[in-house]
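Chemist:
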Amino acid sequence: MSASGERNDKSNTAGATYGTGYCDAQCPKQNFIGGKAKMDIWEANSRATAFTPHPCATRGLVKCTGPDCGAGNDRRQGICDMDGCDFNSYRLGAKNFYGRGPEFTIDSTKKMTVVTQFITDDGKDRGELVEIRRLYVQNGVVIANAAANLTGLLNYDSISDEYCAKEVEVLGGSGTNELRGGSKVMGEAMERGMVLALSLWWDNGSYMWWLDGKNPGDPESLRRGPCNTEVESTPQYITANSKPSVIFSNIKLGDFGTTY
């Protein structure tokens, strides 16, 4: 994002200090935002989780216009991969991997460490990004990411160009990750530098169905989490759960095995 947060003396007197100027691959139209590639390291609540690269066909910050913004029917024409190539263990058939309680491999009611590893083709920092891996640490135990358990996607446990192509083939999707350059372009964007953004997401538009439920009318095969979309999007439910919270701590960046 721009260091100034697009601050100016007219329409935006707040600047980066107050959160304006944030940018991402969704190319949103508010808050003085420009579009750029983003890496969703950790999108989660206590019911479901996903991590998702979003490469863009352009370099740096770009303010899109018209079809380049990917709005509505122009979604595939946008300069960025708005949908991304996500890894959601529930969606991929590992429904008992992450959730609330001891019956899950990862108990989301307990403290955990989330580890993301970026693998290059030559094993060096300047190499081409080819794979994104996920590990967890809970109760002192290192836990490998869940492996996909769907016909056509069996045993995939990380994100790569091969996985992304298979995901579109099996589950459908826009296929724009490949069109926008896939892992290689995502790695190039990270090498240029990114800003770490932490937030709580209150989604009054789609009620987080894309993360932990399914869109109304979609078949059960497209479900991404266990939430009841008919019940948990009602005003009464939202009011009863109006004070969500999260604690992020001990954030580290380093070589493999040094951050946990």
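Start counting the sequence shown at 1; every next residue gets the next number (UniProt numbering).
Glycine included, each C-beta is placed from N, C-alpha and C at the ideal position.
Since the structure is predicted, the reported quantities are computational estimates derived from the model, not experimental observations.
1. If R7 and G19 are in contact, beta carbons under 8 angstroms, what's the gap, nearest whole angstrom?
2. Assuming H54 contacts G5 (C-beta within less than 8 angstroms), just tell me the rounded distance between them.
3. Below 8 angstroms on the Cβ atoms is my guess for S2 versus L61; work out the distance and round it to an integer in Å.
4. Just reading off the alpha helix (DSSP H) that M112 is part of, what are its end residues?
5. Apply the 10 Å Cβ neighbour rule to M194 and answer buried if 16 or more other Cβ atoms are within range, or exposed otherwise.
6. Roughly how many whole angstroms lie between the Cα atoms of S180 and Y98?
7. Would you identify the three-state DSSP class for W209, choosing helix, strand or coil?
8. Find out if the Cβ-Cβ distance for the pair T113, V137 is shorter than 7 angstroms.
9. Between the C-alpha atoms of N145 and C69, what's the straight-line distance to the nearest angstrom?
10. Going by CA-CA distance only, name the one from N73, A50 and I79 that's closest to C64.
Modeler: Checking against the coordinates, here is how it stands:
1. Along the sequence shown, read from residue 1 onward, the residue named residue 7 stands at position 7. Along the sequence shown, read from residue 1 onward, the residue named residue 19 stands at position 19. So it is not a contact: roughly 11 angstroms between Cβ atoms.
2. In the sequence shown, the residue the question calls residue 54 occupies position 54. In the sequence shown, the residue the question calls residue 5 occupies position 5. Rounded, the Cβ-Cβ distance is 21 angstroms, inconsistent with contact.
3. The sequence position of residue 2 within the sequence shown is 2, counting from 1. The sequence position of residue 61 within the sequence shown is 61, counting from 1. Right, the Cβ-Cβ distance comes to about 6 angstroms (below 8 angstroms), so this counts as a contact.
4. What you label residue 112 is simply residue 112 of the sequence shown in a count that begins at 1. Per DSSP, M112 belongs to no alpha helix (DSSP H) and is neither H nor E.
5. Mapped onto the sequence shown, residue 194 falls at position 194. Exposed: under 16 other Cβ atoms inside 10 Å.
6. Reading the sequence shown from its first residue, position 180 is the one you call residue 180. Reading the sequence shown from its first residue, position 98 is the one you call residue 98. Note that residue 180 is Arg in the sequence shown here, rather than Ser. Computed Cα separation, rounded: 30 angstroms.
7. As a working note, residue 209 is residue 209 in the sequence shown. Three-state result, W209: helix.
8. In the sequence shown, the residue the question calls residue 113 occupies position 113. In the sequence shown, the residue the question calls residue 137 occupies position 137. In contact: T113 and V137 (Cβ atoms closer than 7 angstroms).
9. Walking along the sequence shown from the start, residue 145 turns up at place 145. Walking along the sequence shown from the start, residue 69 turns up at place 69. Straight-line Cα distance between these residues: approximately 33 angstroms.
10. Residue mapping note: residue 64 aligns to position 64 of the sequence shown, counting from 1. Out of N73, A50 and I79, I79 has the C-alpha closest to the C-alpha of C64.
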